[in-house]
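Novice: A single structure is presented below for examination.
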Amino acid sequence: MRHIISLLMENEAGALSRVAGLFSARGYNIESLTVAPTEDPTMSRMTIVTSGSDDVIEQINKQLNKLVDVVTVMDLTDGDHIERELMLVKVRATGNDREELKRMTDIFRGRVIDVSDKTYTIELTGTEHKLDRFLQAIDHTLILETVRTGASGIGRGDRILKL
Amino acid sequence: MELTGAEITIRCLQEEGVEYVFGYPGGAVLFIYDELFKQEQVKHVLVRHEQAAVHAADGYARSTDKVGVALVTSGPGVTNAVTGIATAYLDSIPLVVISGQVPTSYIGEDAFQEVDAVGITRPCVKHNFLVKDAKDIAATLKKAFYLAKSGRPGPVLVDIPKDVSNQKAEYSYPATVSIRSYNPQVQGDIGQIKRAAQLQLTELVRLLGAPCTNTLMGLGGFPASDQQFVGMLGMHGTYEANMGMQNCDVLLAVGARFDDRVIGNVAHFNSVPRKIIHIDIDPASISKRVKVDVSIVGDVANVVSDLLSVLNSSKQKPDAAALKDWWKQIAEWRSANSLSYKNSSELIKPQYVIETLHKITGGDAFVTSDVGQHQMWAAQYYKFNQPRRWINSGGLGTMGFGLPAAMGVQLAHPGATVACVTGEGSIQMNIQELSTCKQYRLPIKVIALNNRYLGMVRQWQEFFHGNRYSQSYMDALPDFVKLAEAYGHVGILVEKPSDVEGALKEAFARKDDLVFLDFRTDSTENVYPMVPGGKGLSEVILAEDL
Ligand SMILES: Cc1cc2nc3c(=O)[nH]c(=O)nc-3n(C[C@H](O)[C@H](O)[C@H](O)COP(=O)(O)OP(=O)(O)OC[C@H]3O[C@@H](n4cnc5c(N)ncnc54)[C@H](O)[C@@H]3O)c2cc1C
Ligand SMILES: Cc1ncc(C[n+]2csc(CCOP(=O)(O)OP(=O)(O)O)c2C)c(N)n1
Ligand SMILES: [Mg+2]
Chain A
1 MRHIISLLME NEAGALSRVA GLFSARGYNI ESLTVAPTED PTMSRMTIVT
51 SGSDDVIEQI NKQLNKLVDV VTVMDLTDGD HIERELMLVK VRATGNDREE
101 LKRMTDIFRG RVIDVSDKTY TIELTGTEHK LDRFLQAIDH TLILETVRTG
151 ASGIGRGDRI LKL
Chain B
164 MELTGAEITI RCLQEEGVEY VFGYPGGAVL FIYDELFKQE QVKHVLVRHE
214 QAAVHAADGY ARSTDKVGVA LVTSGPGVTN AVTGIATAYL DSIPLVVISG
264 QVPTSYIGED AFQEVDAVGI TRPCVKHNFL VKDAKDIAAT LKKAFYLAKS
314 GRPGPVLVDI PKDVSNQKAE YSYPATVSIR SYNPQVQGDI GQIKRAAQLQ
364 LTELVRLLGA PCTNTLMGLG GFPASDQQFV GMLGMHGTYE ANMGMQNCDV
414 LLAVGARFDD RVIGNVAHFN SVPRKIIHID IDPASISKRV KVDVSIVGDV
464 ANVVSDLLSV LNSSKQKPDA AALKDWWKQI AEWRSANSLS YKNSSELIKP
514 QYVIETLHKI TGGDAFVTSD VGQHQMWAAQ YYKFNQPRRW INSGGLGTMG
564 FGLPAAMGVQ LAHPGATVAC VTGEGSIQMN IQELSTCKQY RLPIKVIALN
614 NRYLGMVRQW QEFFHGNRYS QSYMDALPDF VKLAEAYGHV GILVEKPSDV
664 EGALKEAFAR KDDLVFLDFR TDSTENVYPM VPGGKGLSEV ILAEDL
């Protein structure tokens with residue numbers, strides 16, 4: 001099953017490679033991984049999307065907790081949470097396609113953030129699923145490049161990941 | 164007080180009460196060696212290979228419960244140390260390994276003798292550090308010692324660039340340490356805790372009245388001479404231990420990680436309806452390979468003492484009738500006599516050598532071993548009654564571990580009897596340490612069970628590869644007696660069963676000498692019982708099956 005795990009870790013050189021190394025050494029899947037410093041600059045927050053059986057997910061959580069640089073771990077999938085991912089898509093936008101692409105972007109509540117005479121760059125935020133649907137909805141032969149951040153996640157309401 | 168990084172490093176070792184540093188010098192650690200030279204409190208043991216430095220620190224730690232310390236130079240010094248670090252990691256041994264690094268401004272330039280020490284060791288350390296400023300050395304070493312010995316112990320590497328060891332900084336040794344992300348269950352004197360735990364464990368087993376088995380790593384944790392002890396379990400465990408594991412109603416596992424060599428095939432192990440209670444300090448060890456019914460995360464010492472007080476005050480007592488039936492069943496399995504072997508008057512049987520070793524040393528020696536058949540025979544036939552006496556590489560199974568580990572043990576316990584049980588294959592992986600033994604006058608007794616084969620490999624080839632002995636015959640062996648003599652030691656060749664006891668007596672009577680005993684043993688002997696890889700604990704090959 002797909003799980004989204006959030007963690008706080010020391011904002012130190014090497015911390016990221018400890019997490020990435022753990023996943024490769026133990027053969028766990030990483031679907032996506034995002035990381036950036038938090039409001040407390042000594043700490044980074046990471047979101048990992050992974051998948052595996054319940055036993056594997058339990059081990060992933062325990063092994064992450066064992067890493068000395070990892071301060072605290074929360075499996076967001078265990079409760080109510082929100083996920084968002086950012087995608088930038090550059091598309092060939094000429095002739096009639098310009099209008100159609102703009103329309104689709106509006107329907108998906110995206111924005112065109114860069115325009116040239118032949119291209120649009122579209123910014124879209126949402127769940128992984130929504131971004132996938134957008135890519136399916138437009139004519140895929142027009143896609144020049146896509147870049148996605150991978151999911152970031154946060155608990156709903158009182159579910160807070162703090163030290 | 165302003166000191167150089169190298170001075171700070173040595174001060175920290177002094178503060179930690181480090182008695183011995185096992186190491187090998189080189190360019191990147193010259194400032195540190197210079198400071199070692201200027202003081203006497205921390206003694207340095209010059210090994211002949213960095214792998215041996217780490218194994219020696221490891222043997223020191225295993226036999227004392229103190230943190231072992233090794234010091235190596237950058238590049239090849241670190242890469243040579245990696246096998247030792249991984250060996251300690253898999254068996255959860257507390258070590259601090261200090262490595263030199265190229266100067267900070269050279270890092271990343273493929274400088275002379277540069278390797279990414281932190282990167283190379285990351286998967287086989289509990290934690291590691293690269294120190295980029297001399298002002299951070301003290302706090303880092305404090306953390307390193309704390310991490311190594313608290314919670315589930317393990318090796319910690321501290322990488323110090325050469326310029327940092329020569330840089331001046333304000334020094335004070337931190338009195339306390341805290342790491343916000345790290346909250347170990349145990350702190351304090353692990354040695355004392357573990358000794359207390361062994362006594363309590365024995366009390367618990369008596370109270371429960373149930374049979375008790377030990378893993379290879381646990382031998383000595385419960386006295387082997389006790390009636391309730393059924394021997395080691397696992398791949399080469401006794402029939403009664405393995406059948407007991409498979410058929411019991413309730414299994415209480417105390418600090419054991421259900422390794423594949425312990426439980427065999429997982430599905431087969433799980434195919435019976437027993438209940439499992441698992442005590443472990445590391446939550447990640449629980450339900451990693453085998454789902455357990457009750458898990459207790461904590462230090463064995465605390466948990467067992469709590470268990471004892473609950474049980475002692477409880478009105479419920481073990482069901483005497485059920486226990487009687489169970490012991491009757493155990494006795495039946497025991498009567499298979501799975502460790503029996505046919506002694507011979509022509510060929511030296513390895514089992515006989517170990518039994519005689521046990522007799523001559525009164526069962527009271529520190530025994531280190533290498534890896535292979537000889538290791539299993541030592542585990543099976545030397546009946547350990549105390550913890551920390553049996554020193555071997557279980558998790559990584561590192562050939563070459565035995566002799567350097569014995570050096571660490573002997574230094575930690577001057578005057579104690581230390582035997583290294585080895586094979587003619589394994590001993591050659593760190594034979595150069597005979598030179599270190601000479602330099603520091605370590606009177607280790609090397610018990611080489613020389614079967615002229617990589618015996619454990621040969622055994623698998625005999626059982627599972629149609630007797631095709633691909634590369635398992637050790638040809639062109641050295642004359643070990645002459646070799647021992649060349650290093651300045653005593654060598655004794657033993658070729659007849661009738662000479663075994665006399666030779667062992669003579670060797671152990673030489674209290675001040677390292678004696679290398681070259682026992683020419685039966686080269687076709689196999690280790691029994693054996694649960695083949697991937698099979699269940701009851702699917703065992705016994706000696707008489709063949
Ligand atoms: C050739 C060869 C053959 C082998 N054959 C066998 C065999 O037949 N039988 C066998 O048993 N092994 C055998 N082994 C060894 C095997 O590979 C494992 O190393 C061993 O079984 C592991 O034992 P363990 O789980 O007791 O110890 P460890 O691997 O040391 O694990 C200890 C566990 O206890 C926990 N722990 C540590 N300290 C505490 C504490 N203070 N409180 C609570 N929990 C704690 C740790 O978290 C860990 O989970 C063999 C090895 C080799 C090389
Ligand atoms: C460094 C290393 N290389 C290879 C092995 C695989 N291996 C396990 S036992 C063994 C044979 C050991 O031979 P020897 O030391 O003569 O012991 P014996 O089995 O004959 O008693 C080998 C090669 C290992 N455990 N360690
Ligand atoms: Mg051999």
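Protein chains in written order, with my numbering: chain A, 1 to 163; chain B, 164 to 709. Note that the Cβ used here is the ideal one computed from N, Cα and C, for glycine as well. Model, not experiment: these values are computed from the prediction.
(1) Measure the alpha-carbon distance for W489/B versus Q409/B and round it to whole angstroms.
(2) Would D228/B be called buried (16 or more neighbouring beta carbons within 10 Å of its own) or exposed?
(3) Quick test of the definition: if touching needs 3 or more C-beta pairs under 8 Å, does the segment 563-572 of chain B touch the segment 526-533 of chain B?
(4) Which partner residues of C375/B appear in the DSSP bridge assignment?
(5) Check whether the Cβ of I342/B lies closer than 8 Å to any Cβ atom in chain A.
(6) For ligand 5, any of its heavy atoms closer than 7 Å to the Cβ of L415/B?
(7) Is Y334/B near ligand 3, judged by its Cβ being under 7 Å from some heavy atom?
(8) Under 8 Å, do T524/B and F671/B count as touching if we go by C-beta distance?
(9) Looking only at its own chain, which residues have a Cβ that is under 6 Å from the Cβ of A93/A, when we skip the five neighbours before and after it?
(10) Is there a Cβ from chain A that is less than 8 Å from the Cβ of L320/B?
(11) Nearest by alpha-carbon distance to V147/A: which of V68/A, T72/A, G21/A and L124/A is it?
(12) Hey, D254/B and G557/B are a contact pair by Cβ (cut 8 Å); roughly how many whole angstroms apart?
(13) If we cut at 8 Å on Cβ distances, does K90/A have a partner in chain B?
(14) What is the C-beta distance between Y187/B and V210/B, in whole angstroms, given that I count them as a contact (C-beta under 8 Å)?
(15) What do you get for M1/A, buried or exposed, if any count of 16 or more other CB atoms within 10 angstroms of its CB means buried?
(16) If you draw a straight line from the C-alpha of G190/B to the C-alpha of T236/B, how long is it?
(17) For E83/A versus A151/A, is the C-beta distance shorter than 8 Å?
(18) Per DSSP, what are the beta-bridge partners of F682/B in this structure?
(19) Using the Cα positions of D158/A and D443/B, report the straight-line distance between them to the nearest angstrom.
(20) For a contact meaning CB atoms closer than 7 Å, what does H290/B contact in chain A?
(21) Please name the residues in the segment 17-43 of chain A whose beta-carbon is closer than 8 Å to at least one beta-carbon of chain B, in chain order.
(22) Let's test the definition: count the other Cβ atoms within 10 Å of the Cβ of P446/B and tell me whether it reaches 16, buried, or not, exposed.
(23) Quick one: is Y345/B near chain D, going by C-beta distance under 8 Å?
(24) Which of the three DSSP states is assigned to A15/A in this structure?
(25) Under 9 Å Cβ-Cβ, which residues of chain A neighbour V145/B?
(26) If you draw a straight line from the C-alpha of G651/B to the C-alpha of Q543/B, how long is it?
(27) To the nearest whole angstrom, what separates the beta carbons of L597/B and A639/B, a pair I think is in contact under 8 Å?
(28) If the cut-off is 7 Å on Cβ atoms, which residues from the segment 306-333 of chain B count as contacting chain A, listed in chain order?
(29) Does the beta carbon of E99/A come closer than 8 Å to any beta carbon on chain B?
(30) Taking a Cβ distance cut-off of 7 Å, strictly less, list which residues of the segment 134-162 of chain A are near chain B, in chain order.
(31) Rounded to whole angstroms, what is the Cα-Cα separation between I63/A and D106/A?
(32) Do we get a CB-CB distance below 8 Å when we pair T52/A with the residues of chain B?
(33) Can you tell me where the beta strand (DSSP E) with N291/B in it begins and where it stops?
(34) Do you know offhand how far A483/B's Cα is from D54/A's?
Specialist: Taking the definition as stated:
(1) Counting only the Cα atoms, Q409/B lies some 13 Å from W489/B.
(2) Here D228/B is buried. Its C-beta has 16 or more other C-beta atoms within 10 Å.
(3) Enough Cβ pairs lie closer than 8 Å, so yes.
(4) Beta-bridge partners assigned by DSSP to C375/B: F392/B.
(5) Using beta-carbon distances, I342/B counts as an interface residue toward chain A, with a partner under 8 Å.
(6) The model depicted lacks ligand 5 and carries ligand 1, ligand 2 and ligand 3 instead.
(7) Remark: the C-beta of Y334/B is outside contact range of ligand 3, defined as less than 7 Å to any heavy atom.
(8) Taking a C-beta distance under 8 Å as the contact criterion, T524/B and F671/B qualify as a contact pair.
(9) If we look at A93/A and ignore the five residues flanking it on each side, its Cβ neighbours are L101, T119 and Y120.
(10) L320/B does not count as touching chain A.
(11) Cα-wise, what sits closest to V147/A is L124/A.
(12) Under the criterion of beta carbons closer than 8 Å, D254/B and G557/B qualify as touching, at roughly 6 Å.
(13) Chain B, which has no Cβ nearer than 8 Å to the Cβ of K90/A, makes this no.
(14) The Cβ separation is near 6 Å, so the contact holds.
(15) Flag for M1/A reads exposed.
(16) If you take the alpha carbons of G190/B and T236/B, they lie about 7 Å apart.
(17) With respect to A151/A, E83/A sits close: the two C-beta atoms are nearer than 8 Å.
(18) DSSP lists L612/B and V657/B as partners of F682/B.
(19) Distance between the alpha carbons of D158/A and D443/B is about 32 Å.
(20) Below the 7 Å Cβ cutoff, chain A contributes V68 as neighbours of H290/B, in chain order.
(21) Residues of the segment 17-43 of chain A with a Cβ closer than 8 Å to any Cβ of chain B, in chain order: S17, R18, G21 and A25.
(22) Label assigned to P446/B: buried.
(23) Within the model displayed, chain D is absent; protein chains A and B are what it includes.
(24) Three-state result, A15/A: helix.
(25) The displayed coordinates of chain B run from 164 to 709. Any statement about residue 145/B would go beyond what the structure contains.
(26) Taking the straight line from one Cα to the other gives about 32 Å.
(27) About 19 Å separates the two Cβ atoms, so there is no contact after all.
(28) Cβ contacts with chain A: L310.
(29) No, its Cβ sits nowhere closer than 8 Å to a Cβ of chain B.
(30) Contact residues of the segment 134-162 of chain A toward chain B are absent (C-beta to C-beta distance below 7 Å).
(31) Checking the sequence shown, residue 63/A turns out to be Gln, not Ile. Their Cα atoms are separated by approximately 43 Å.
(32) In the sequence under discussion, the amino acid at residue 52/A is Gly, which differs from the Thr named in the question. For G52/A, the answer is no, since every Cβ of chain B falls outside 8 Å of its Cβ.
(33) H290 to L293 is the span of the beta strand (DSSP E), which, as asked, contains N291/B.
(34) If you take the alpha carbons of A483/B and D54/A, they lie about 40 Å apart.
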